[in-house]
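Undergrad:
In the numbering used here, the protein residues as written are 740 to 1061.
1) Whose C-beta lies closer than 6 Å to the C-beta of residue 924 among residues of the same chain, with five residues either side of it excluded?
2) Relative to the ligand NAP, is the shortest distance from any of its heavy atoms to the C-beta of residue 1041 smaller than 7 Å?
3) Would you call the stretch 741-757 and the stretch 853-860 touching, i.e. three or more CB-CB distances under 8 Å?
4) Just reading off the alpha helix (DSSP H) that residue 1057 is part of, what are its end residues?
5) Judging by CA-CA distance, which residue of 1044, 981, 950 is the nearest neighbour of residue 1060?
6) Grouping DSSP H, G and I as helix and E and B as strand, with all else coil, what is residue 911?
7) Since I believe residue 1042 is in contact with residue 987 (beta carbons under 8 Å), could you give me their beta-carbon distance rounded to a whole number of angstroms?
8) With DSSP collapsed to three states, give me the class of residue 1008.
9) Check whether the Cβ atoms of residue 900 and residue 767 lie closer than 8 Å to each other.
10) May I ask you to report which of helix, strand or coil DSSP gives residue 975?
11) Do you know offhand how far residue 922's Cα is from residue 916's?
12) With a CB to CB cut of under 6 Å and the five nearest residues on each side skipped, what residues in its chain are close to residue 795?
13) Less than 8 Å between the beta carbons of residue 881 and residue 958, yes or no?
14) Note down the Cα distance separating residue 741 from residue 765, rounded to an integer number of angstroms.
15) By alpha-carbon positions, which one of 833, 918, 746 ends up nearest to residue 780?
16) Could you tell me the distance, in whole angstroms, from the CA atom of residue 879 to the CA atom of residue 778?
17) Does the separation of the CB atoms of residue 747 and residue 861 fall below 8 Å?
18) Would you give the residue range spanned by the alpha helix (DSSP H) that residue 762 belongs to?
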(Lines of atoms letter the chains of each structure in order from A and count residues from 1; the text may use other names and numbers.)
(Lines give C-alpha, C1' and ligand atoms only; values in the text may rest on other atoms or scores of the structure.)
Protein backbone atom coordinates (compact mmCIF):
# COMPACT_ATOMS: atom_id res chain seq x y z
CA UNK A 1 0.00 0.00 0.00
CA UNK A 2 1.36 3.41 -0.97
CA UNK A 3 -0.15 6.83 -0.49
CA UNK A 4 -0.97 9.06 -3.44
CA UNK A 5 0.57 12.50 -3.72
CA UNK A 6 -0.68 14.65 -0.89
CA UNK A 7 -1.84 11.61 1.05
CA UNK A 8 0.22 12.38 4.16
CA UNK A 9 -1.06 15.97 4.17
CA UNK A 10 -4.66 14.71 3.89
CA UNK A 11 -4.11 12.32 6.79
CA UNK A 12 -2.53 15.08 8.87
CA UNK A 13 -5.49 17.37 8.26
CA UNK A 14 -7.99 14.61 8.96
CA UNK A 15 -6.24 13.65 12.20
CA UNK A 16 -6.23 17.28 13.31
CA UNK A 17 -9.92 17.84 12.58
CA UNK A 18 -10.90 14.54 14.22
CA UNK A 19 -8.88 15.00 17.39
CA UNK A 20 -9.96 18.64 17.71
CA UNK A 21 -13.43 17.47 18.68
CA UNK A 22 -12.15 16.09 21.99
CA UNK A 23 -11.10 19.60 23.00
CA UNK A 24 -13.22 22.20 21.18
CA UNK A 25 -15.90 22.17 23.85
CA UNK A 26 -13.49 22.80 26.73
CA UNK A 27 -13.58 26.65 26.67
CA UNK A 28 -17.39 26.45 26.75
CA UNK A 29 -17.71 23.98 29.65
CA UNK A 30 -19.10 26.74 31.86
CA UNK A 31 -21.82 27.45 29.29
CA UNK A 32 -22.58 23.74 29.02
CA UNK A 33 -22.93 23.47 32.81
CA UNK A 34 -25.40 26.36 32.91
CA UNK A 35 -27.38 25.09 29.92
CA UNK A 36 -27.72 21.53 31.21
CA UNK A 37 -28.16 22.48 34.87
CA UNK A 38 -25.06 20.67 36.13
CA UNK A 39 -22.09 21.69 38.25
CA UNK A 40 -18.70 22.70 36.89
CA UNK A 41 -17.18 19.56 38.43
CA UNK A 42 -19.78 17.28 36.82
CA UNK A 43 -19.48 18.84 33.38
CA UNK A 44 -15.75 18.12 33.46
CA UNK A 45 -16.76 14.48 32.95
CA UNK A 46 -17.38 15.36 29.30
CA UNK A 47 -13.63 15.26 28.73
CA UNK A 48 -13.39 12.01 30.70
CA UNK A 49 -16.08 10.46 28.50
CA UNK A 50 -14.20 11.54 25.38
CA UNK A 51 -11.00 10.03 26.76
CA UNK A 52 -12.75 6.76 27.63
CA UNK A 53 -14.25 6.61 24.15
CA UNK A 54 -10.87 7.31 22.61
CA UNK A 55 -9.28 4.44 24.56
CA UNK A 56 -12.09 2.14 23.42
CA UNK A 57 -11.53 3.31 19.85
CA UNK A 58 -7.83 2.50 20.11
CA UNK A 59 -8.61 -0.96 21.45
CA UNK A 60 -11.50 -2.00 19.19
CA UNK A 61 -11.31 0.17 16.05
CA UNK A 62 -7.59 0.65 15.49
CA UNK A 63 -7.02 -3.09 14.79
CA UNK A 64 -9.30 -2.69 11.78
CA UNK A 65 -6.45 -0.79 10.11
CA UNK A 66 -4.83 -4.21 9.59
CA UNK A 67 -7.89 -5.56 7.78
CA UNK A 68 -9.88 -2.84 6.00
CA UNK A 69 -9.04 -0.52 3.12
CA UNK A 70 -8.23 3.02 4.31
CA UNK A 71 -10.66 4.41 1.72
CA UNK A 72 -13.54 2.71 3.53
CA UNK A 73 -12.30 2.60 7.11
CA UNK A 74 -11.36 6.24 7.67
CA UNK A 75 -14.56 7.75 6.21
CA UNK A 76 -16.66 5.27 8.20
CA UNK A 77 -15.06 6.26 11.48
CA UNK A 78 -15.42 9.95 10.62
CA UNK A 79 -19.15 9.49 10.00
CA UNK A 80 -19.38 7.87 13.45
CA UNK A 81 -17.63 10.92 14.89
CA UNK A 82 -20.00 13.32 13.15
CA UNK A 83 -23.00 11.39 14.47
CA UNK A 84 -21.66 11.74 18.00
CA UNK A 85 -21.24 15.49 17.57
CA UNK A 86 -24.79 15.95 16.28
CA UNK A 87 -26.14 13.91 19.20
CA UNK A 88 -24.14 16.01 21.66
CA UNK A 89 -25.47 19.20 20.08
CA UNK A 90 -29.03 17.98 20.64
CA UNK A 91 -28.43 16.70 24.21
CA UNK A 92 -30.62 18.20 26.94
CA UNK A 93 -29.05 16.50 29.94
CA UNK A 94 -25.62 15.44 31.08
CA UNK A 95 -26.18 11.68 30.65
CA UNK A 96 -26.92 11.99 26.93
CA UNK A 97 -24.03 14.42 26.50
CA UNK A 98 -21.60 12.02 28.16
CA UNK A 99 -22.77 9.10 26.01
CA UNK A 100 -22.45 11.24 22.88
CA UNK A 101 -18.94 12.30 23.83
CA UNK A 102 -17.91 8.69 24.36
CA UNK A 103 -18.87 8.16 20.71
CA UNK A 104 -17.00 11.34 19.75
CA UNK A 105 -13.89 10.04 21.49
CA UNK A 106 -14.16 6.67 19.73
CA UNK A 107 -14.46 8.43 16.38
CA UNK A 108 -11.55 10.74 17.17
CA UNK A 109 -9.34 7.67 17.56
CA UNK A 110 -9.12 7.78 13.76
CA UNK A 111 -6.20 10.15 14.38
CA UNK A 112 -4.07 7.20 15.52
CA UNK A 113 -5.26 5.25 12.49
CA UNK A 114 -4.07 8.12 10.29
CA UNK A 115 -0.61 7.84 11.83
CA UNK A 116 -0.52 4.10 11.13
CA UNK A 117 -1.62 4.54 7.51
CA UNK A 118 0.90 7.35 6.97
CA UNK A 119 3.75 5.27 8.43
CA UNK A 120 2.93 2.29 6.23
CA UNK A 121 2.34 4.31 3.08
CA UNK A 122 5.82 5.82 2.78
CA UNK A 123 9.35 4.35 2.50
CA UNK A 124 11.03 3.44 5.83
CA UNK A 125 13.50 6.30 5.46
CA UNK A 126 10.62 8.80 5.60
CA UNK A 127 8.52 7.04 8.22
CA UNK A 128 9.50 9.23 11.16
CA UNK A 129 8.90 12.38 9.15
CA UNK A 130 5.50 11.18 7.92
CA UNK A 131 4.33 10.21 11.41
CA UNK A 132 5.55 13.55 12.76
CA UNK A 133 3.61 15.42 10.07
CA UNK A 134 0.44 13.63 11.14
CA UNK A 135 1.30 14.42 14.75
CA UNK A 136 1.76 18.05 13.69
CA UNK A 137 -1.74 17.96 12.23
CA UNK A 138 -3.04 16.57 15.51
CA UNK A 139 -1.23 19.28 17.45
CA UNK A 140 -2.61 21.97 15.14
CA UNK A 141 -6.09 20.53 15.57
CA UNK A 142 -5.84 20.69 19.34
CA UNK A 143 -4.25 24.14 19.20
CA UNK A 144 -6.95 25.60 16.96
CA UNK A 145 -9.83 23.62 18.48
CA UNK A 146 -9.96 25.61 21.68
CA UNK A 147 -9.44 28.91 19.89
CA UNK A 148 -12.06 28.25 17.21
CA UNK A 149 -14.34 26.39 19.59
CA UNK A 150 -14.32 29.25 22.07
CA UNK A 151 -14.98 31.87 19.37
CA UNK A 152 -17.78 29.82 17.80
CA UNK A 153 -19.36 29.11 21.18
CA UNK A 154 -19.52 32.84 21.85
CA UNK A 155 -20.91 33.52 18.36
CA UNK A 156 -23.45 30.71 17.81
CA UNK A 157 -23.57 28.88 21.14
CA UNK A 158 -21.87 25.63 22.10
CA UNK A 159 -24.51 23.57 20.28
CA UNK A 160 -24.01 25.46 17.03
CA UNK A 161 -20.26 25.11 17.45
CA UNK A 162 -20.59 21.32 17.60
CA UNK A 163 -22.65 21.29 14.41
CA UNK A 164 -19.98 23.33 12.61
CA UNK A 165 -17.35 20.79 13.66
CA UNK A 166 -19.61 17.94 12.50
CA UNK A 167 -19.73 19.54 9.05
CA UNK A 168 -15.91 19.78 8.98
CA UNK A 169 -15.63 16.10 9.91
CA UNK A 170 -17.95 15.11 7.07
CA UNK A 171 -15.86 17.16 4.64
CA UNK A 172 -12.78 15.21 5.74
CA UNK A 173 -14.70 11.97 5.25
CA UNK A 174 -15.44 12.95 1.66
CA UNK A 175 -11.77 13.76 1.02
CA UNK A 176 -10.62 10.47 2.54
CA UNK A 177 -13.10 8.56 0.41
CA UNK A 178 -11.68 10.13 -2.73
CA UNK A 179 -7.94 10.10 -2.02
CA UNK A 180 -6.94 7.27 0.32
CA UNK A 181 -5.80 3.85 -0.97
CA UNK A 182 -8.46 1.29 -1.83
CA UNK A 183 -6.14 -1.70 -1.22
CA UNK A 184 -6.83 -3.86 1.80
CA UNK A 185 -3.91 -5.07 3.94
CA UNK A 186 -3.38 -8.80 3.89
CA UNK A 187 -5.11 -10.01 7.09
CA UNK A 188 -3.13 -12.36 9.30
CA UNK A 189 -6.22 -13.67 11.12
CA UNK A 190 -9.76 -12.81 12.13
CA UNK A 191 -10.68 -9.57 13.87
CA UNK A 192 -11.56 -11.48 17.05
CA UNK A 193 -8.23 -13.28 16.93
CA UNK A 194 -6.50 -9.91 16.66
CA UNK A 195 -8.28 -8.63 19.78
CA UNK A 196 -7.51 -11.80 21.72
CA UNK A 197 -3.85 -11.55 20.69
CA UNK A 198 -3.42 -8.00 22.04
CA UNK A 199 -2.72 -8.97 25.67
CA UNK A 200 -0.15 -11.49 24.47
CA UNK A 201 1.54 -8.87 22.32
CA UNK A 202 1.82 -6.59 25.33
CA UNK A 203 3.34 -9.39 27.40
CA UNK A 204 5.88 -10.37 24.77
CA UNK A 205 6.99 -6.97 23.49
CA UNK A 206 8.52 -4.71 26.06
CA UNK A 207 8.76 -1.76 23.67
CA UNK A 208 5.05 -1.96 22.86
CA UNK A 209 4.19 -2.21 26.54
CA UNK A 210 6.22 0.88 27.35
CA UNK A 211 4.73 2.78 24.43
CA UNK A 212 1.15 2.02 25.51
CA UNK A 213 1.68 2.86 29.18
CA UNK A 214 3.79 5.93 28.54
CA UNK A 215 1.49 7.31 25.86
CA UNK A 216 -1.56 6.82 28.08
CA UNK A 217 0.06 8.57 31.03
CA UNK A 218 1.18 11.69 29.23
CA UNK A 219 -2.10 11.95 27.30
CA UNK A 220 -3.95 11.81 30.64
CA UNK A 221 -1.64 14.44 32.11
CA UNK A 222 -2.08 16.70 29.09
CA UNK A 223 -5.88 16.43 29.25
CA UNK A 224 -5.92 17.00 33.00
CA UNK A 225 -3.89 20.20 32.68
CA UNK A 226 -6.21 21.69 30.06
CA UNK A 227 -9.51 20.69 31.71
CA UNK A 228 -8.41 22.07 35.08
CA UNK A 229 -7.21 25.25 33.41
CA UNK A 230 -10.38 25.92 31.42
CA UNK A 231 -12.70 25.27 34.37
CA UNK A 232 -10.63 27.42 36.75
CA UNK A 233 -10.25 30.36 34.37
CA UNK A 234 -14.02 30.50 33.95
CA UNK A 235 -14.49 30.92 37.71
CA UNK A 236 -13.81 33.94 39.98
CA UNK A 237 -11.53 35.81 40.28
CA UNK A 238 -10.71 35.27 36.58
CA UNK A 239 -14.21 34.92 35.07
CA UNK A 240 -13.01 34.57 31.47
CA UNK A 241 -15.49 33.78 28.70
CA UNK A 242 -15.09 30.91 26.22
CA UNK A 243 -13.34 33.03 23.60
CA UNK A 244 -10.80 34.43 26.09
CA UNK A 245 -10.03 30.96 27.47
CA UNK A 246 -9.58 29.69 23.93
CA UNK A 247 -6.88 32.28 23.33
CA UNK A 248 -4.62 30.42 25.75
CA UNK A 249 -4.46 27.61 23.19
CA UNK A 250 -2.19 29.86 21.13
CA UNK A 251 0.52 28.95 23.63
CA UNK A 252 0.58 25.56 21.91
CA UNK A 253 2.23 27.09 18.84
CA UNK A 254 5.56 26.02 20.34
CA UNK A 255 4.39 22.42 20.42
CA UNK A 256 3.27 22.64 16.79
CA UNK A 257 6.61 24.17 15.72
CA UNK A 258 8.60 21.52 17.57
CA UNK A 259 7.04 18.52 15.85
CA UNK A 260 8.88 18.65 12.50
CA UNK A 261 12.13 18.97 14.45
CA UNK A 262 11.14 16.00 16.56
CA UNK A 263 10.48 13.99 13.40
CA UNK A 264 13.95 14.68 12.03
CA UNK A 265 15.54 13.85 15.38
CA UNK A 266 13.51 10.63 15.53
CA UNK A 267 14.90 9.61 12.14
CA UNK A 268 18.46 10.19 13.40
CA UNK A 269 18.43 9.30 17.09
CA UNK A 270 16.83 6.72 19.36
CA UNK A 271 13.17 7.52 20.12
CA UNK A 272 13.86 6.87 23.80
CA UNK A 273 16.22 9.86 23.94
CA UNK A 274 13.71 12.11 22.17
CA UNK A 275 10.98 11.01 24.60
CA UNK A 276 13.17 11.68 27.65
CA UNK A 277 13.95 15.23 26.54
CA UNK A 278 10.28 15.82 25.66
CA UNK A 279 9.05 14.66 29.07
CA UNK A 280 11.60 16.85 30.83
CA UNK A 281 10.28 19.81 28.82
CA UNK A 282 6.69 19.04 29.81
CA UNK A 283 7.70 18.72 33.47
CA UNK A 284 9.23 22.20 33.42
CA UNK A 285 5.99 23.54 31.93
CA UNK A 286 3.89 21.85 34.62
CA UNK A 287 6.12 23.36 37.30
CA UNK A 288 5.50 26.83 35.87
CA UNK A 289 1.72 26.28 35.94
CA UNK A 290 1.94 25.32 39.61
CA UNK A 291 3.10 28.85 40.44
CA UNK A 292 -0.42 30.17 39.76
CA UNK A 293 -2.67 31.52 36.99
CA UNK A 294 -2.57 35.21 37.90
CA UNK A 295 0.32 35.89 35.50
CA UNK A 296 -0.85 35.27 31.91
CA UNK A 297 2.66 35.26 30.45
CA UNK A 298 3.87 32.59 32.87
CA UNK A 299 0.70 30.54 32.32
CA UNK A 300 1.13 30.73 28.55
CA UNK A 301 4.80 29.72 28.83
CA UNK A 302 3.89 26.72 30.99
CA UNK A 303 1.22 25.60 28.55
CA UNK A 304 3.62 25.99 25.63
CA UNK A 305 6.19 23.73 27.27
CA UNK A 306 3.57 21.13 28.26
CA UNK A 307 2.20 21.04 24.71
CA UNK A 308 5.65 20.85 23.12
CA UNK A 309 6.81 18.09 25.44
CA UNK A 310 3.71 15.90 25.16
CA UNK A 311 3.37 16.06 21.40
CA UNK A 312 7.00 15.55 20.50
CA UNK A 313 7.03 12.58 22.88
CA UNK A 314 3.93 11.16 21.20
CA UNK A 315 5.48 11.47 17.73
CA UNK A 316 8.60 9.60 18.84
CA UNK A 317 6.50 7.05 20.71
CA UNK A 318 4.45 6.16 17.63
CA UNK A 319 7.48 6.03 15.35
CA UNK A 320 9.27 3.48 17.51
CA UNK A 321 6.46 0.89 17.32
CA UNK A 322 5.68 1.14 13.58
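Where is the CB? At the ideal position from N, CA and C, for every residue including glycine.
TA: The short version:
1) 805
2) The ligand NAP is absent from the structure shown, which contains no ligands of any kind.
3) yes
4) 1035-1060
5) 950
6) helix
7) 6 Å
8) Note: residue 1008 maps to coil in three-state DSSP.
9) yes
10) In this structure, residue 975 counts as coil in the three-state DSSP scheme.
11) 13 Å
12) 845
13) Against a cut-off of 8 Å, the Cβ pair of residue 958 and residue 881 comes out as no contact.
14) One Cα belongs to residue 741, the other to residue 765, and the distance between them is close to 37 Å.
15) 833
16) 30 Å
17) yes
18) Element bounds for residue 762: n/a, residue is neither H nor E.
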